[in-house]
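In the order they appear, the protein sequences are chains A and B. Each residue of the first sequence is one higher than the last, beginning at 1 in the UniProt record's numbering. Each residue of the second sequence is one higher than the last, beginning at 1 in the UniProt record's numbering. Virtual Cβ for every residue (Gly too), placed ideally from N, Cα, C.
Protein chains: 2
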Amino acid sequence: MNIGQAADQSGVSAKMIRYYEQIGLISPPSRTDSNYRVYGPDEVHVLRFIKRARTLGFSVEETSVLLGLWQDRTRASAEVRDIASSHIVALETKIAELQGMVKTLSHLVHCCAGDNRPDCPILDDLAGTPAEQTSKGH
Amino acid sequence: MNIGQAADQSGVSAKMIRYYEQIGLISPPSRTDSNYRVYGPDEVHVLRFIKRARTLGFSVEETSVLLGLWQDRTRASAEVRDIASSHIVALETKIAELQGMVKTLSHLVHCCAGDNRPDCPILDDLAGTPAEQTSKGH
DNA sequence: TCTTGACCTTACCATGATGGGAAGGTCTAT
DNA sequence: ATAGACCTTCCCATCATGGTAAGGTCAAGA
């Protein structure tokens, strides 16, 4: 199987497959006489694993650890669960942060007439004009 | 005022002030004879505006537009509100995406014994092992 | 006056994960 | 034989930020 087919079957672009190889996340595959990379079902399986982990928001670094644990027959599931749990915490922190932004912005948008007049509480807030300070006044 | 003081007063690092100048987000300040950048209250005000916009998750590009609108006395507030509104949509999309990840991961973590045994539904899911496919079975 | 330390300057490199493109080699089907 | 679809490596760009290095400047104190 060439890299293009491996890409199609795994959902990881050829570009990224080469990158993952370069950074050592996956091991270099064998090559044909003409230097083409050759992949088999096992390699594609690994690529799918990576794809799934990335889709779940794990960094490449975390994915690398998970991959190691996956290939370690003797690992404790607790180890994996800890990684997943901290990842959840990180995601939730990020979510809370974004929600804070949405909250502030929604408030500002709600206060903005949104017509042809130049008065705009959103800009006033960004500028730090005291009139409409995010979450206190009002 | 030197760049360090402007940085302290605006919350934007000196490094970033120079960067914003370089990419044209802010205009080059005047210089002392010894080539030091000189800032006044107006420049700091602009920097604070930028800081606030970035904190609210606007990209530098969007911030640039908002800055232009801020400085345009005749702009319609509707224009600003539209930018803010689309930004809210983008944030909410991102939030939903992260929440999807959390949901899937929470489910997996919940299914994982987390002990010394190697059996791990989290890894099974990543590997695409049919037993525990995220959101369908169970 | 000299020194020290805190500031400033520019220039370059790194991050993380991805995409784009160029220049050239290979394979397959017509 | 040729066209077109693949592959190879190498370099560059993104986005916003931080770091570092080599050198200039300034203010305060001995």
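- For B:A6, the closest Cβ of chain A is not nearer than 8 Å.
- Of all residues in the region 96-113 of chain A, those with a C-beta nearer than 7 Å to a C-beta of chain B are L98, Q99, M101, V102, T104, L105, S106, L108, V109, C112, A113, reading in chain order.
- Using a CB distance cut-off of 8 Å, B:I88 counts as an interface residue toward chain A.
- Look at A:V12 here: in three-state DSSP terms it is coil, with no helix or strand label.
- In this model, B:L108 and A:V89 are separated by some 14 Å (Cα to Cα).
- One alpha carbon belongs to B:H87, the other to A:I95, and they sit about 15 Å apart.
- Annotation for B:W70: F49 place their beta carbon closer than 7 Å to its own, counting only its chain and skipping 5 residues before and after.
- For A:G128, there is no enclosing alpha helix (DSSP H), as DSSP marks it with neither H nor E.
- A:P41: member of the alpha helix (DSSP H) spanning 41-55, first to last residue.
- A:R75 carries a coil assignment under DSSP once its states are collapsed to helix, strand and coil.
- No Cβ-Cβ contact shorter than 8 Å links A:L47 with A:V80.
- Nearest to A:E43 by C-alpha distance, out of A:L25, A:L56, A:D125, A:I122, is A:L25.
- Under the Cβ distance rule, B:E21 does not count among the residues neighbouring chain A, no pair being separated by less than 8 Å.
- In this structure, DSSP gives B:S59 a state outside helix and strand, which the three-state scheme calls coil.
- Look at B:L47: its C-beta is not under 8 Å from any C-beta on chain A.
- Take the alpha-carbon of B:S27 and the one of A:M16: they are about 39 Å apart.
- Around the C-beta of B:T129, fewer than 16 other C-beta atoms lie within 10 Å, and the residue is accordingly described as exposed.
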